[in-house]
Amino acid sequence: MIFELTNKQRKFFGLKKVEENWIKKEINKNYIIYINENKLEKRVLATKECYYESDVSCCLSEDHKFILPKTKQGKVKKLTESSIRNLKNEMYLFWWDKQVTLASGKCEQSYYESDIAGLNITNLNEFKEWIKNWIKSTTEEEIKEITAFKNKTLKRYKYQEGDYFRLKLDKGLYGYGRIIMDIKKHQKGGEDYWNIFLTRPIIIELFHIITPKKNVPITELETLKTFPSQIILNNVISYGEYEIIGHKELPENIDYPIHYGRGITSEDKDIIHFQRGRIHKKISAKESNLITDSKKKDYKNNSLGYTITNNVNVMRECIKNNSNDFYWEQKVYTIKEDLRNPENSKDLHDILEQFNLLK
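Counting from 10, one number per residue, gives the positions in the sequence shown under the numbering used here.
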């Protein structure tokens, strides 16, 4: 195998130590597993472009040829590369596509994500250097924190509009934000909201703050400038990765994302929609032209990610200049195709005019 963490290194990532009595089994030249008696404990995939080490926990047959079901209703599965890949993660470290994630499938939370920290790890040597720096900078207190994190189990948290939350940006650095809309709540309440999301989206906004402080009061946060609001899956809130720290009624001047385009179902393909916050307008596509027809732009703005589009580098630049201009300069599809982006101001004007929303 091209590379594998040592037991000394594993300690700093909350990963299981490989014991001397464990059996090391090669699935292919890049993929190995570790077996402790009749229990599969770990899988490791390593290439020049990827490293994936994941703790798992499942029982095997005595000959180690089959994965046994966890319940009487389950089925025995042959131990193959495919069946091993489909096992649920416990603690895992994953480097791929320039990004590193340290997370746990037991609680469905990430402990660290390098893209949010503003790092790109482009090759194996850089990944090894990142490991070296991680270990060098990790304190005993952080090791205890990582150990506690890996033992977390899945728990669902309730949330509502106006909740303030804290999120981890990097080791020892935090950001803060608030929930400004629970879209499904309004749809379930019978409101006329353009239904272009298949999952549970929420709209959040982050404040202009990067800090080592874990307990910044809401009264301080609400005085700060905010980054452009964004739509994300609710998982990071409902599973507790972004921790709710308090609640306060929302102000009136909220910057909601804008959705614009032709309907996405057969029933409304001849309808042009406009949605901003709780404002939903519709006009006939047969009587009015779609502003984007000749521009190869898509302003529906219904792409959902698991985490924020911000990163520490972008946030720092915006905070330093007390402006979101640098945020809009990112070469990210969801930002380029956002109608609030200054480079789309002409289209926004024409769309607002189309719906008689110009002030």
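Note that beta-carbon positions come from the ideal geometry of N, C-alpha and C, so glycine has one too.
Cα-Cα separation between residue i and residue j, rounded to whole angstroms
i: Lys-257; j: Arg-271; result: 36 Å
i: Ala-55; j: Trp-139; result: 16 Å
i: Pro-210; j: Lys-79; result: 32 Å
i: Thr-208; j: Asn-30; result: 45 Å
i: Pro-221; j: Tyr-183; result: 6 Å
i: Tyr-120; j: Ile-155; result: 8 Å
i: Thr-15; j: His-195; result: 50 Å
i: Thr-316; j: Ile-280; result: 31 Å
i: Leu-69; j: Leu-77; result: 5 Å
i: Leu-128; j: Lys-345; result: 21 Å
i: Ile-370; j: Glu-200; result: Because the chain here runs from 10 to 368, residue 370 falls outside it and cannot be looked at.
i: Ile-41; j: Asn-142; result: 26 Å
i: Tyr-168; j: Asn-331; result: 30 Å
i: Trp-203; j: Lys-153; result: 46 Å
i: Lys-145; j: Glu-151; result: 12 Å
i: Leu-230; j: Ser-92; result: 47 Å
i: Ile-263; j: Gly-286; result: 9 Å
i: Val-65; j: Glu-170; result: 36 Å
i: Tyr-336; j: Asp-359; result: 24 Å
i: Ser-354; j: Asn-95; result: 46 Å
i: Lys-17; j: Leu-102; result: 15 Å
Among the options, the one whose alpha carbon lies nearest that of residue i
i: Arg-19; options: Lys-38, Lys-51 and Ile-41; result: Lys-51
i: Ile-241; options: Lys-290, Ile-189, Ser-146 and Ser-332; result: Ile-189
i: Leu-88; options: Phe-75, Leu-96, Lys-309 and Tyr-168; result: Phe-75
i: Ser-63; options: Tyr-248, Lys-86, Phe-22 and Asn-37; result: Phe-22
i: Glu-13; options: Asn-39, Ile-32 and Glu-28; result: Asn-39
i: His-217; options: Asp-359, Gly-83, Lys-197 and Lys-234; result: Lys-234
i: Asp-72; options: Leu-49, Asp-264, Lys-25 and Lys-57; result: Leu-49
i: Glu-46; options: Glu-296, Asn-37 and Glu-28; result: Glu-28
i: Ile-292; options: Ile-44, Glu-326 and Glu-362; result: Glu-362
i: Lys-177; options: Pro-351, Ile-253 and Tyr-202; result: Ile-253
i: Met-100; options: Lys-25, Phe-206 and Gly-314; result: Lys-25
i: Thr-147; options: Asp-124, Glu-338, Gly-181 and Lys-164; result: Gly-181
i: Ile-192; options: Glu-229, Thr-110, Tyr-265 and Lys-329; result: Tyr-265
i: Phe-283; options: Gly-249, Phe-364, Val-321 and Cys-327; result: Phe-364
i: Leu-366; options: Lys-164, Tyr-166, Ile-288 and Pro-351; result: Ile-288
i: Ser-275; options: Asp-334, Asn-322, Ile-205 and Glu-250; result: Ile-205
i: Lys-107; options: Ala-294, Lys-33 and Ser-123; result: Ser-123
i: Ile-246; options: Thr-232, Gly-314, Asn-310 and Pro-260; result: Gly-314
8 Å contact criterion, which residue i and residue j should meet: CB distance rounded
i: Trp-104; j: Cys-67; result: Actually they are not in contact, since the Cβ atoms of Trp-104 and Cys-67 sit about 24 Å apart, beyond 8 Å.
i: Lys-223; j: Arg-175; result: 7 Å
i: Tyr-173; j: Ile-227; result: 5 Å
i: Leu-348; j: Tyr-269; result: 6 Å
i: Ile-44; j: Ile-32; result: 4 Å
Residue(s) in a DSSP beta bridge with residue i
i: Phe-174; result: Gly-186 and Ile-253
i: Thr-148; result: Answer is none; Thr-148 lacks a bridge partner.
i: Tyr-121; result: Leu-111
i: His-73; result: BP columns for His-73 are empty, so no partner.
i: Thr-220; result: Tyr-183
i: Thr-235; result: Phe-216
i: Cys-68; result: Lys-48
i: Glu-62; result: Val-53 and Leu-102
i: Gln-284; result: His-268 and His-289
i: Lys-240; result: The question names Lys, but residue 240 is Ile in the sequence shown. In DSSP, Ile-240 forms a bridge with Ile-212.
i: Ile-42; result: Lys-34 and Arg-52
i: Asp-428; result: In the structure as shown, the chain starts at 10 and stops at 368, and residue 428 therefore has no counterpart that could be examined.
The ligand GDP heavy atom lying under 6 Å from the CB of residue i
i: Met-190; result: Of ligands this structure carries none, so the ligand GDP is not represented either.
Interface flag, residue i vs chain C, CB-CB below 7 Å
i: Asn-98; result: Protein chain content of the structure displayed is limited to a single chain, and chain C is not contained in it.
Counting beta carbon pairs with one atom in the region 107-123 and one in the region 154-169, are three or more of them shorter than 8 Å?
yes
Contact the region 230-238 vs the region 291-310: 3+ CB pairs below 8 Å:
no
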